[in-house]
Amino acid sequence: MSYIALADRQRRINHLQHVEAIASWDEAAMMPAGGGPNRAEALATLRVLCHELACDPRVGDEIAAADAGAQALEPWQRANLREIKRAHVRETAVPTALIEAGSLAESRCEQAWRQLRAKNDLATFLPLLEVVVANKRQVASALSDRLGLGLYDALLDGFEPGARAAALDPLFADLRRFLPPFIAEVVERQKARPVIVPQGPFPIERQRWLGLAIMKQVGFDFEHGRLDVSHHPFCGGVPRDVRITTRYDETDFTKSFMGVLHETGHAKYEQGLPPAWIDQPVGRARSMAVHESQSLLQEMQVSRSPAFLEFVTPFVREAFPDRVAAQPDAFTVENLTRHYTRVKPDFIRVDADEATYPCHVILRYEIERRLIEGSLEVKQIPEAWNASMKELLGVDVGNDHKNGCMQDVHWPAGLFGYFPTYTLGALAAAQLFAAARRGLPGLEEGIARGEFAPLNDWLRTHLWSQASFLETDALMTGATGRPLDATAFKDHLAARYL
934 MSYIALADRQ
944 RRINHLQHVE
954 AIASWDEAAM
964 MPAGGGPNRA
974 EALATLRVLC
984 HELACDPRVG
994 DEIAAADAGA
1004 QALEPWQRAN
1014 LREIKRAHVR
1024 ETAVPTALIE
1034 AGSLAESRCE
1044 QAWRQLRAKN
1054 DLATFLPLLE
1064 VVVANKRQVA
1074 SALSDRLGLG
1084 LYDALLDGFE
1094 PGARAAALDP
1104 LFADLRRFLP
1114 PFIAEVVERQ
1124 KARPVIVPQG
1134 PFPIERQRWL
1144 GLAIMKQVGF
1154 DFEHGRLDVS
1164 HHPFCGGVPR
1174 DVRITTRYDE
1184 TDFTKSFMGV
1194 LHETGHAKYE
1204 QGLPPAWIDQ
1214 PVGRARSMAV
1224 HESQSLLQEM
1234 QVSRSPAFLE
1244 FVTPFVREAF
1254 PDRVAAQPDA
1264 FTVENLTRHY
1274 TRVKPDFIRV
1284 DADEATYPCH
1294 VILRYEIERR
1304 LIEGSLEVKQ
1314 IPEAWNASMK
1324 ELLGVDVGND
1334 HKNGCMQDVH
1344 WPAGLFGYFP
1354 TYTLGALAAA
1364 QLFAAARRGL
1374 PGLEEGIARG
1384 EFAPLNDWLR
1394 THLWSQASFL
1404 ETDALMTGAT
1414 GRPLDATAFK
1424 DHLAARYL
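Spelled out as structure tokens, the structure:
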């Protein structure tokens, strides 16, 4: 049967992608620097093998035959066939040589970025990024020709199926108008509520203990996952072997702790995907916006709430008893709540509060779209970056490129089209949490007692167990009663900060 042949091929591709995912995690978290060149070649070979399997000349005929007999398939299999068809169109649009060249360029650029960012060495970094961008423009062109989409839309669609810049532009324009005056008002109000900044040192082993303890409390499955360290926090691996990372600063535990919770949100989604579909496209996360909704729901909606901080403060005090003794007023629920809801325009996206975070995303979206469409060149990124930072957040990066245009791994890794999904995810997180609160009376009181099972069960029922069975609009409508919009996000910001 044609569908069975397609599913068997997807199983083999999934196995190769499993190995690629773990090798990519190891490259970021464990690999010695000297292993970089060979790892780049090995990853390129794996990606080419996956591409060649997906582009097997028999696949087109198998899809056509499976389509003809689709009524005999179970509903989840029909959804799987839809996802196989979508992936096949995208895979066959891009030549194998371009896949290999892009993988090598991205690995080399990402590996160099880890060293060059620390040195603020923009001059050496930009030529490497130029190679990545040149390749990605070719990929975008190939996809554009096949899909009938604009260059940027062709890449965006790979991370967020169905998303288009024409729909993002008015949404982001609305946030551009709303956020700067909102941020200014909140900053002014918060001047009357000063924060006592917890003073270190905070030993890394105690920060790690705290992260692991709270990961367990909120539902991370350590039988199928682990926590490590990397230059840039991320969630990788595969659903039954999820690898999350953080980075530690001995002078400030609060950043790493919230970073761990952010990545735990990603990880719980992966661990909650249906095991029966694990090796098929229908069993994968729906999209990156949905994925980001889970990390931001955990970090922003839950973990920065007064209820969560009431629960977690005793753990914080246990982790750093000498710091508490030296500065007791800094480690109260009230002060930690003020700290974690402080709105402060700053340079770093991953450390940003939820009000300024979308501004970081809009900046990157506008720059990367211009890069792919050819109206901006790589050498012009620093100037465009600094101008947008001043306009959106009122901060001047100057020549501190490591905290400016070199701060993210996404562009070195070739992930153009990814950034908008962060803000889409923030909107979805607010909408989903509002729906969960309606469906679960007493949810926040339970969170204050450390009861996370009701929320996890709600998310498992409405989101995690669905994987890619439903398309995004249907998934959000089923969970919340309406397609994605900005209403719940704005309501949430107003309720928390005003």
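Add 933 to the 1-based position in the sequence shown for our numbering, that's all there is to it.
Heads up, the beta-carbon is just placed ideally off N, CA and C, and yes, glycines get one too.
Please read these numbers as outputs of a predicted model, since none were measured by experiment.
Q: State yes or no: is the C-beta of A1369 within less than 8 Å of the C-beta of W1397?
A: no
Q) How about A956 and L976: do their beta carbons lie closer than 8 Å? A) Yes, they are a contact pair.
Q) Around the Cβ of R980, are there at least 16 other Cβ atoms within 10 angstroms (buried) or fewer (exposed)? A) buried
Q: Taking only the alpha-carbon atoms, compute the straight-line gap between Q1231 and H1195 and give it to the nearest angstrom.
A: 6 Å
Q.
Looking at A1359: is its Cβ nearer than 8 Å to the Cβ of E1043?
A. no
Q: Let me know the secondary structure DSSP gives G1091 once reduced to three states.
A: helix
Q) Which word fits S1308, buried or exposed, when buried means at least 16 other C-beta atoms lie within 10 angstroms of its C-beta? A) Classification of S1308: exposed, given that the 10 Å Cβ count is below 16.
Q) How about P1166 and L1206: do their beta carbons lie closer than 8 Å? A) The Cβ-Cβ distance between P1166 and L1206 does not fall below 8 Å.
Q: From the DSSP output, in three-state form, read off L1049 for me.
A: helix
Q. DSSP state of R972, grouped into three classes?
A. In the structure shown, R972 sits in a helix (DSSP, three-state: H, G or I).
Q. Apart from the five residues just before and just after E1157, which ones in its own chain have a Cβ nearer than 8 Å to its Cβ?
A. Residue identity differs from the one stated: residue 1157 is His in this sequence, not Glu. Within the same chain, H1157 has close Cβ partners P1172, R1173, D1174, V1175 and Q1204.
Q) What residue from R1393, G1350 and K1423 has the CA that sits closest to A1087's CA? A) G1350
Q. Which whole-angstrom value describes the C-beta separation of H1224 and R1047, a residue pair presumed to lie in contact below a C-beta threshold of 8 Å?
A. Not a contact, Cβ separation roughly 24 Å.
Q: With distances taken Cα to Cα, identify the nearest neighbour of R1097 among L1084, R1109 and D1107.
A: L1084
Q: Could you pull the start and end residues of the beta strand (DSSP E) that V1171 belongs to?
A: C1168 to V1171
(Q) Quick check on K1335: buried or exposed, where buried means 16 or more other Cβ atoms within 10 Å of its Cβ? (A) K1335 is buried by the Cβ-count criterion.
Q: State the beta-bridge partners of D1174 as determined by DSSP.
A: V1171
Q) Beta-carbon separation of Q1399 and L1388 under 8 Å? A) no
Q. Buried or exposed: where does V992 fall if 16 or more other Cβ atoms within 10 Å of its Cβ makes it buried?
A. Looking at its Cβ environment, which holds 16 or more other Cβ atoms inside 10 Å, V992 is buried.
Q) Skipping 5 residues on each side, what residues in its chain have a beta carbon closer than 8 Å to that of L1059? A) Here the set comprises V1311, K1312 and I1314.
Q.
For H1005, which residues in the same chain have their Cβ closer than 7 Å to its Cβ, ignoring the five residues on either side in sequence?
A. Here the sequence assigns Ala to residue 1005, which means His is not the residue at that position. None.
Q: Starting from the C-beta of Y944, find all residues in its chain whose C-beta is less than 8 Å away, skip the five residues before and the five after it, and write them out in chain order.
A: Rather than Tyr, the amino acid found at residue 944 in this sequence is Arg. Excluding sequence neighbours, R944 sits near D1212 and Q1213.
Q. In the DSSP assignment, what are the bridge partners of R1159?
A. Partner(s): R1176.
(Q) R1237 and T1274 - do their beta-carbons sit closer together than 8 Å? (A) Yes. Within cutoff.
**Q.** Neighbourhood of G1327 by C-beta, 6 Å cutoff - its chain only, sequence neighbours within 5 removed
**A.** P1278
Q. In its own chain, which residues sit with a C-beta less than 6 Å from the C-beta of Y1355, not counting the 5 before and 5 after it?
A. E1225 and V1294
(Q) Please state the DSSP three-state secondary structure of T1394. (A) helix
Q) Hey, which unbroken runs of the alpha helix (DSSP H) at 4 residues or more fall wholly within the stretch 966-1020? A) Listed in chain order, the alpha helix (DSSP H) elements of length 4 or more contained wholly in the stretch 966-1020 are 969-987 and 991-1001.
Q. Where do the ends of the alpha helix (DSSP H) carrying K1149 lie?
A. I1137 to V1151
Q: Below 6 Å CB to CB, which residues in the same chain sit around H1395 once its five sequence neighbours on both sides are set aside?
A: A1412
Q) What is the C-beta distance between L939 and E995, in whole angstroms, given that I count them as a contact (C-beta under 8 Å)? A) Contact holds; Cβ gap of about 5 Å.
Q) For T1025, which option in A1075, S1036 and A1288 has the closest C-alpha, if you only look at C-alpha atoms? A) A1075
Q) Among S1036, K1124 and A1263, which residue has its Cα nearest to the Cα of V1072? A) If we check each option's Cα against that of V1072, S1036 comes out closest.
Q.
On the CB-based measure, 16 or more other CB atoms within 10 Å of its CB, does P1353 come out buried or exposed?
A. buried
**Q.** For R1122 and L1082, the rounded distance between their alpha carbons
**A.** 45 Å
Q) F1385 to G1192, Cα distance in whole Å? A) 19 Å
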